[in-house]
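A.B. asks: This is the structure I have questions about; it appears just below.
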Amino acid sequence: MRVPEFDLEYTLDCGQSFRWQRDGEWWSGVVGDRVIRLRQRGDRLDIEGNADEKFLSRYLRLDDDLEAIYADISRDARIASVIGRFRGLRIMRQDPWECSASYLLASYSNVARIKKMIAALCQTYGRELGGGKYAFPAPEEIAEGGGDIACCRLGYRADWIKAYARSVASGEFDLEKLKELDYQGAISYLKTVKGIGDKVADCIALFSLDHLEACPVDVRIARAMREIYGVTGSYRKVSGYARKHFGPYAGYAQEYLYMAEDPARKKDVTAWTQGTRRQGL
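Position 30 (the sequence shown) corresponds to 158 in the numbering used here; numbering is contiguous.
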């Protein structure tokens, strides 16, 4: 599959999805009930498993015009430099149920811990797919399943996910309605779920509802907004400033800044920035 303007590693390793693991030069993951392996070689993507080009094009948002997005969000030298360093990173288009349930568990935790919790939830309630892989459980499987949620070691999040699954399974929380709402409407509706606050709602809106203006603010983004743009204050103030500054694709700018603020990559980003300045780029 040809994938111009795409970087598999940056896309899968930027914290937006939790069921992908590096396996040598391949990436292995489960998307819903699809077991998939991907490998990139230049502008070609090798595919193994239950996924075709149509599915992957949608899931990886290969329909996004990255050049147009870059042109729109490059509103200052810093973000332009960061884009240059991480070109090809794309926001993924995840399933709203899987994404919302995953981010409900993500509250006040790190990526490694979130991956363990989701893996445990899938093993306890999801359908076995073979090779030690499990599908992401449907709301009904969590709400009505006989698995022992204590085995998942979710802590206080266990009550949240059980209540949310029951709400979705019963239709009290309507995922189809959620998909039809505009950005502000989606955020307000998501926040009616216990355990979903501003940041989690923004993550769900950005990664599964096509609201590319959403700008989740975590510790890294708060630091970037403070150190680069001099913006501090409440979540609403910082996120609102970012949406206004970066425009309708603020979520893309956020994800590039998130990568740049990764401690493992920050020195590399600084060296890149200094190099581009010396070259006059």
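Quick reminder that beta carbons are idealized off the backbone N, C-alpha and C, glycines included. All values reported here derive from a predicted model rather than from experimental measurement.
Smallest Cα separation from residue 265: which of 278, 258, 259, 248?
C.D. replies: 248
A.B. asks: What are the start and end residues of the alpha helix (DSSP H) that includes residue 337?
C.D. replies: No alpha helix (DSSP H) contains residue 337, which DSSP labels as neither H nor E.
A.B. asks: If you run the structure through DSSP and keep just helix, strand and coil, what is residue 133?
C.D. replies: In this structure, residue 133 counts as coil in the three-state DSSP scheme.
A.B. asks: Hey, which unbroken runs of the beta strand (DSSP E) at 3 residues or more fall wholly within the stretch 170-212?
C.D. replies: Counting only runs of 3 or more, we get 172-177.
A.B. asks: Spatial neighbours of residue 199 within its chain, please: CB distance less than 8 angstroms, with the 5 preceding and 5 following residues excluded, ordered by chain position.
C.D. replies: none
A.B. asks: Tell me the DSSP bridge mates of residue 158?
C.D. replies: Answer is 163.
A.B. asks: Is residue 336 close to chain D, meaning its C-beta is less than 8 angstroms from at least one C-beta of that chain?
C.D. replies: No chain D is part of this structure, which consists of one protein chain only.
A.B. asks: DSSP three-state call for residue 153: helix, strand or coil?
C.D. replies: In the structure shown, residue 153 sits in coil (DSSP, three-state: anything other than H, G, I, E or B).
A.B. asks: Provide the residue(s) that pair with residue 262 in DSSP beta bridges, ordered along the chain.
C.D. replies: 256
A.B. asks: Thinking C-beta only, is residue 343 closer than 8 angstroms to residue 371?
C.D. replies: yes
A.B. asks: In this structure, what does DSSP give as the bridge partners for residue 168?
C.D. replies: 173
A.B. asks: Return the CA-CA distance between residue 408 and residue 195, expressed in angstroms with no decimal places.
C.D. replies: Any reading at residue 408 must be qualified, since the residue scores a pLDDT of 48, below 50, and its modelled position is unreliable; the value itself is stated next. Near 20 angstroms, if we compare the C-alpha coordinates of residue 195 and residue 408.
A.B. asks: Is the distance from the Cβ of residue 381 to the Cβ of residue 201 below 8 angstroms?
C.D. replies: yes
A.B. asks: With distances taken from CA atoms, which of 192, 211, 203 is nearest residue 374?
C.D. replies: Taking only the C-alpha atoms, the option nearest residue 374 is 203.
A.B. asks: Ignore the nearest five residues each way along the sequence and tell me which others in residue 337's own chain have a CB closer than 6 angstroms to its CB.
C.D. replies: 314
A.B. asks: Using the rule of at least 16 other Cβ atoms within 10 Å of the residue's Cβ for burial, across every protein chain shown, is residue 358 buried or exposed?
C.D. replies: exposed
A.B. asks: Would you kindly work out how many angstroms separate the C-alpha atoms of residue 241 and residue 362, rounded to a whole number?
C.D. replies: 26 angstroms
A.B. asks: Among 287, 282, 296, which residue has its Cα nearest to the Cα of residue 268?
C.D. replies: Ranking 287, 282, 296 by Cα distance to residue 268 puts 296 first.
A.B. asks: In its own chain, which residues sit with a C-beta less than 6 angstroms from the C-beta of residue 181, not counting the 5 before and 5 after it?
C.D. replies: 129
A.B. asks: If I follow the unbroken alpha helix (DSSP H) through residue 227, where does it start and stop?
C.D. replies: 224-233
A.B. asks: Does the separation of the CB atoms of residue 389 and residue 348 fall below 8 angstroms?
C.D. replies: yes
A.B. asks: Threshold first: 4 residues or longer. Then list the alpha helix (DSSP H) segments lying entirely within the stretch 273-305, N to C.
C.D. replies: 285-298
A.B. asks: Give the range of the alpha helix (DSSP H) segment to which residue 359 is assigned.
C.D. replies: Note, residue 359: premise wrong, no alpha helix (DSSP H); not H, not E.
A.B. asks: Just checking, does the stretch 133-145 make contact with the stretch 211-229 on the three C-beta pairs under 8 angstroms criterion?
C.D. replies: yes
A.B. asks: Counting C-beta neighbours from all protein chains within 10 Å, is the total for residue 238 16 or more, i.e. buried, or is it exposed?
C.D. replies: exposed
A.B. asks: Buried or exposed: where does residue 132 fall if 16 or more other Cβ atoms within 10 Å of its Cβ makes it buried?
C.D. replies: exposed
A.B. asks: Starting from the C-beta of residue 311, find all residues in its chain whose C-beta is less than 7 angstroms away, skip the five residues before and the five after it, and write them out in chain order.
C.D. replies: 333, 339, 341, 342
A.B. asks: Note down, in chain order, each residue of its chain lying with its Cβ closer than 7 angstroms to the Cβ of residue 189, except the 5 sequence neighbours on either side.
C.D. replies: 218, 219, 220, 221
A.B. asks: Please report the straight-line C-alpha distance between residue 174 and residue 391, rounded to a whole angstrom.
C.D. replies: 30 angstroms
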